[in-house]
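Right, one structure below, let's go through it.
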Amino acid sequence: MKLGAQVSVSGGLYKAFQNAADVGAETLMFYTRSNRQWKAKPIAEKDQNRFKQEAETFADQIDSLVIHANYLMNLASPEPEKWEKSYNALIDEITRTGQLGVVNMVMHPGSHMKSGEETGLAKIAEGLTRALAETADSSPDVVVCLETMAGQGTNLGYKFEHLAYVLEKVNSPRLGVCFDTCHVFTAGYDFRTPETYEQTMQKFDRLVGLDQIKCFHFNDSKHDLGSRKDRHQHIGKGFLGLSSFANFVNDDRWANHPAHIETPKSEDDEDGNSIEMDPVNLATLRDLIA
Ligand SMILES: [Zn+2]
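Last residue of the sequence shown? That's 1509 in my numbering, and every number before it is there in order.
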């Protein structure tokens, strides 16, 4: 498996690579725009080129990049205005991903806002079908990965059936899944032992297909199985524990898949000194490889 982290790009998108190298990552995930703002400046051609140059410089060390879309988009929104805004933001995210030569772009499926799960899922499928058609010529290589969700509030995508429905409706090789360990666990699927891990994998395979998984988010959880809460914890320090991650990193099916941690970036030691945690969490994961 390729182990990496979500990294900052403040000061320039190309900085993602050095930032990832600094924490010992073999792969990286980043946001190309503020994740909590609707408006974003287009990526200038010189910045696209600089990013691609840097990608080449680091190619031996870092690959399988992933872009994470902004958090505001809600393709399941029952409000036409919000839906339209979300759709346009999605087109922008796909375009930016293609401009940087990145393949996988992760997005949260959406929240139905009390309009009902079926209505929400249908809207997501409709939006994705349109967006993939609209960007087929401009960004043919970009694959949109729907993230597995914890099921907080009216979030969709916390049941494997939700993902299965959207993937089947849209039916495109440019759609896949990003498997978030914290979210899947708090959504109610166990994988802490080899047996429960295999059961959950088989369930996912039966409903969605393991070949749909393009990338992972590796996060431990501050909340327990089935809590439907989304609070990430350091690797091995939460309810998932080290055994969960050992099951993933030693599974040959994921030998070439990237996994990115989205765990807290720093922690204070006993003396109140701030410790950078990404290198610690990545080392913990590497130690689990048998
Ligand atoms: Zn996410």
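For each residue, glycine too, the CB sits at the ideal point set by N, CA and C.
In terms of CA proximity to D1311, M1324 leads the group T1503, S1227 and M1324. The stretch 1330-1380 is shown to contain whole beta strand (DSSP E) runs of 3 or more residues at 1362-1366, in chain order. In the structure shown, E1495 falls within a strand segment according to DSSP collapsed to helix, strand and coil. I1508 has its alpha-carbon roughly 10 Å from the corresponding atom of D1470. Around the CB of P1328, 16 or more other CB atoms lie within 10 Å, so the residue is classed as buried.
Membership of F1404 in the alpha helix (DSSP H) is indicated by the continuous run T1400 to T1405. As the crow flies, the alpha-carbon of L1340 is around 26 Å from that of G1317. Closest by C-alpha distance to K1221, out of H1442, I1480, V1389 and G1230, is I1480. Ranked by Cα distance from T1367, the first of S1463, G1457, G1395 and Q1421 is G1395. D1490 has its alpha-carbon roughly 42 Å from the corresponding atom of L1319. Residues of the same chain with a CB within less than 6 Å of the CB of A1383, apart from the 5 flanking positions on each side, are L1426 and V1427 in chain order. Buried is the label assigned to I1343, since at least 16 other Cβ atoms lie within 10 Å of its Cβ.
By the criterion of at least three beta-carbon pairs nearer than 8 Å, the stretch 1274-1285 is in contact with the stretch 1244-1252.
Here T1276 is exposed: its Cβ has fewer than 16 other Cβ atoms, across all protein chains shown, within 10 Å. Judged by their CB atoms, A1406 and F1435 are not nearer to each other than the 8 Å cut-off.
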